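S.K.: Numbering (my numbering), first residue to last: -3 to 419.
1. What is the rounded straight-line gap between the Cα of residue 12 and the Cα of residue 87?
2. Go ahead and pull the three-state DSSP assignment for residue 72.
3. DSSP three-state call for residue 42: helix, strand or coil?
4. Please state the DSSP three-state secondary structure of residue 287.
5. Quick check: the Cα distance between residue 181 and residue 140, rounded to an integer number of angstroms?
6. Shortest alpha-carbon distance to residue 251 belongs to which of 320, 186, 17, 123?
7. Evaluate contact between the stretch 138 to 154 and the stretch 107 to 118, counting only Cβ atoms and requiring at least three cross-stretch pairs below 8 angstroms.
8. Is the beta carbon of residue 369 less than 8 angstroms from the beta carbon of residue 197?
9. Between residue 222 and residue 332, which are expected to be in contact by the criterion C-beta below 8 angstroms, what is the C-beta distance as a whole number of angstroms?
10. How long is the line joining the alpha carbons of residue 285 and residue 126, rounded to whole angstroms?
11. In or out: residue 18 buried (at least 16 other Cβ within 10 Å) or exposed?
12. In chain order, what residues of the same chain lie with their CB nearer than 8 angstroms to the CB of residue 61, ignoring the 5 residues before and after it?
13. With 16 other CB atoms within 10 Å as the buried threshold, where does residue 397 fall?
14. Going by DSSP, what residues sit across from residue 110 in a beta bridge?
15. Mind the definition here: the stretch 233 to 249 touches the stretch 270 to 279 only if three or more C-beta pairs lie below 8 angstroms; say whether that holds.
16. Quick check: what's the CA-CA separation for residue 118 versus residue 155?
17. Could you tell me the alpha carbon to alpha carbon distance between residue 151 and residue 275, rounded to whole angstroms?
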């Protein structure tokens, strides 16, 4: 507590706070830091809650160095305010001490179904529930959280934190139904038949992109999001250890150099890989991963091959693979047990393919409109986050989802007004 308050007192309370401009959700950072500096943690939490539905998550996984902290004026002197750590502290303290309890408002404004319980889905659900909507989330996994539960490793985001944040959403009156895949199990039409006024698609981008690499069909080649999901399922006790595709002593090559590649690499080491090498076709200056994530990966023993492409994967007689790497036109063949592809992903089509009227762009992203914000080409169906092409970070998905929630509220209010006029 003393350390947090001392750090908060360093804040200059700038008249034009650049940290707030750098925050995708427009968090009133100087205001809540000022409250924290005086020991008013309840007030600080209330200010944070006005803009963020997942503060304990954002405090841990946001790209602070590129957002709030990267814009802090004190950063010019090499001593920016540790905003992420402070947000994490306030949110954790609030959870542990049960400081704030948001009131459950009467749910008489309309019914909304939310598909997916990742950052976008939870944000829409929280925003609408606070606004008087009856909200139900439908999640295909056995547990809620989406990428927060099954995509981001435990060392970056403890799942106890995710569960506590989800519980706060539940306490707003939101119902969460797990183990239901919208599309195969129940389509959009069936949801409307249940009486929902609007539907939000927050299904993310879980379909891996393909690379023109010979040999990607072999069992030793896995997508990073598949690997991380298996690890998440194992950590939650939902599958056995032998169902995680990394075994003790594996030599692993990871293709790609974003944060997901860093997550997969470090997780592979933690699951017993003897050596993990990231292969990236560009230089370190061009990597999309945060520098802090790279530094942590190096500290844990991850090796890097820059300006190098992986072109072929062929099984050998020893049960490993001959992996061809190319740099500056020169080929090198190395031995490896596993190859993990971390080159991005796109949206799955299970909802679009089972529903009439939802149009997508050439890459499969759901098309949405500006007014009401986030509505697809199907009346009453909205989309946000990764599925609509707003791929970035957790907080960017949240920012987009807050706008979509406002669009849903405006649409349902207009719908109710038209019904009342008709009556």
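Note that CB positions come from ideal geometry on N, CA and C, so glycine has one too. All of these numbers come straight from a predicted model, not from anything done at the bench.
M.R.: Looking at the atomic coordinates:
1. As a first step, residue 12 must be located in the chain shown, where it is residue number 16. As a first step, residue 87 must be located in the chain shown, where it is residue number 91. For residue 12 and residue 87, the gap between their C-alpha atoms comes out near 25 angstroms.
2. As a working mapping, residue 72 is identified with position 76 in the chain shown. DSSP places residue 72 in helix when its eight states are reduced to three.
3. Indexing the chain shown from 1 puts residue 42 at position 46. Residue state, collapsed to three classes: helix.
4. Looking up residue 287 in the chain shown gives position 291. Reduced to three states, the DSSP call for residue 287 is helix.
5. For the purposes of this step, residue 181 is identified with residue 185 of the chain shown, where counting begins at 1. For the purposes of this step, residue 140 is identified with residue 144 of the chain shown, where counting begins at 1. Their backbone Cα atoms lie some 17 angstroms apart in a straight line.
6. If you number the chain shown from 1, residue 251 lands on position 255. Here the closest residue by C-alpha is 320.
7. yes
8. Taking the chain shown and counting its residues from 1, the one referred to as residue 369 is at position 373. Taking the chain shown and counting its residues from 1, the one referred to as residue 197 is at position 201. Contact flag unset, no.
9. The sequence position of residue 222 within the chain shown is 226, counting from 1. The sequence position of residue 332 within the chain shown is 336, counting from 1. So it is not a contact: roughly 17 angstroms between Cβ atoms.
10. Taking the first residue of the chain shown as 1, we reach residue 285 at position 289. Taking the first residue of the chain shown as 1, we reach residue 126 at position 130. The alpha-carbon atoms of residue 285 and residue 126 are separated by roughly 35 angstroms.
11. Reading the chain shown from its first residue, position 22 is the one you call residue 18. Residue 18 should be labelled buried.
12. By one-based count along the chain shown, residue 61 stands at place 65. If we look at residue 61 and ignore the five residues flanking it on each side, its Cβ neighbours are 286, 287, 288.
13. In the chain shown, residue 397 corresponds to position 401, counting from 1. Its Cβ being crowded by 16 or more others within 10 Å, residue 397 is buried.
14. Here residue 110 refers to the residue found at position 114 when the chain shown is read from its first residue. Answer is 133, 196, bridged to residue 110.
15. yes
16. Position 122 of the chain shown, counted from the first residue, corresponds to residue 118. Position 159 of the chain shown, counted from the first residue, corresponds to residue 155. C-alpha separation (whole angstroms): 15 angstroms.
17. Numbered from its first residue, the chain shown carries residue 151 at position 155. Numbered from its first residue, the chain shown carries residue 275 at position 279. Going from the Cα of residue 151 to the Cα of residue 275 covers about 23 angstroms.
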